[in-house]
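In my numbering, the protein residues as written are 257 to 395.
Every residue, glycine too, gets a C-beta built ideally from N, C-alpha and C.
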Amino acid sequence: MGDFEDMLRGLDGSGDDQDRRIPVGEAVALPADDDLDDHARYDRATFAFETKDYVRAATLLEPLVQADPGNAEVRLLLARSYYHSARLGRAETELRAMVERWPSDAYAHLVLARTLQRAGRAEEGAPHLKLAEAMGLEG
257 MGDFEDMLRG LDGSGDDQDR RIPVGEAVAL PADDDLDDHA RYDRATFAFE TKDYVRAATL
317 LEPLVQADPG NAEVRLLLAR SYYHSARLGR AETELRAMVE RWPSDAYAHL VLARTLQRAG
377 RAEEGAPHLK LAEAMGLEG
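This is how it looks when you write it as structure tokens:
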């Protein structure tokens, strides 16, 4: 038998694991978003972002940022989720807080510049773009 068939039979290869398999087409119940711990919530938000569900990603990330505003990684993903869901005001707020707290974060400056450009305020974003480029990022 091939590897795939062996996997389907169960780890021990006996075939006795049939009752533990989920039938094809049967849904697996995942925990509700509100029932997740912070790590699982971040993982789910990352998955939502990667699958372009930016509104859901932001909804999952907002409580994490409120609980730990000093987490730059979570805060940046929230800002990017806002940007991609065209909530530019919220993206700008998060990014301004980031560049104030972490002025050497070149990527935060770049995303802030892009956010301001997208909002029709390219002149206002120009200094952030220049800073990002001076720190080694290309706009």
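Distance between residue j and residue i (C-alpha atoms, nearest Å)
i	j	result
Ala-304	Glu-329	16 Å
Met-257	Gln-322	Bear in mind that a pLDDT of 49 at Met-257, under 50, signals an unreliable position, so the model cannot answer this.
Tyr-310	Ala-288	18 Å
Arg-312	Pro-325	19 Å
Ala-378	Ala-342	16 Å
Tyr-298	Asn-327	12 Å
Asp-290	Lys-386	41 Å
Val-280	Ala-296	26 Å
Test: residue i CB closer than 8 Å to a CB of chain C
i	result
His-295	Absent from the structure is chain C; it holds one protein chain and no more.
Supposed close pair residue i, residue j - CB separation, criterion 8 Å
i	j	result
Ala-369	Gly-381	4 Å
Ala-301	Leu-317	5 Å
Leu-344	Ala-314	Incorrect: roughly 13 Å between the Cβ atoms, too far for contact.
Met-354	Arg-336	Contact flag wrong, Cβ pair sits at about 11 Å.
Leu-393	Leu-351	That pair is no contact at about 14 Å.
Leu-320	Asp-293	With a Cβ gap of about 11 Å, Leu-320 and Asp-293 do not count as contacting.
Nearest neighbour of residue i, chosen from the options [CA to CA]
i	options	result
Glu-348	Asp-324, Ser-360, His-384	His-384
Gln-373	Met-391, Tyr-298, Tyr-339, Ala-313	Tyr-339
Ala-364	Arg-346, Ala-388, Leu-286, Gly-376	Ala-388
Ala-390	Ala-375, Ser-360, Met-354	Ser-360
Ala-375	Glu-282, Arg-346, Val-284, Lys-308	Arg-346
Any non-hydrogen atom of the ligand GTP within 7 Å of residue i CB
i	result
Leu-393	Absent from the structure shown: the ligand GTP. Ligands present: none.
Residue i: first and last residue of the uninterrupted alpha helix (DSSP H) it sits in
i	result
Ser-337	328-340
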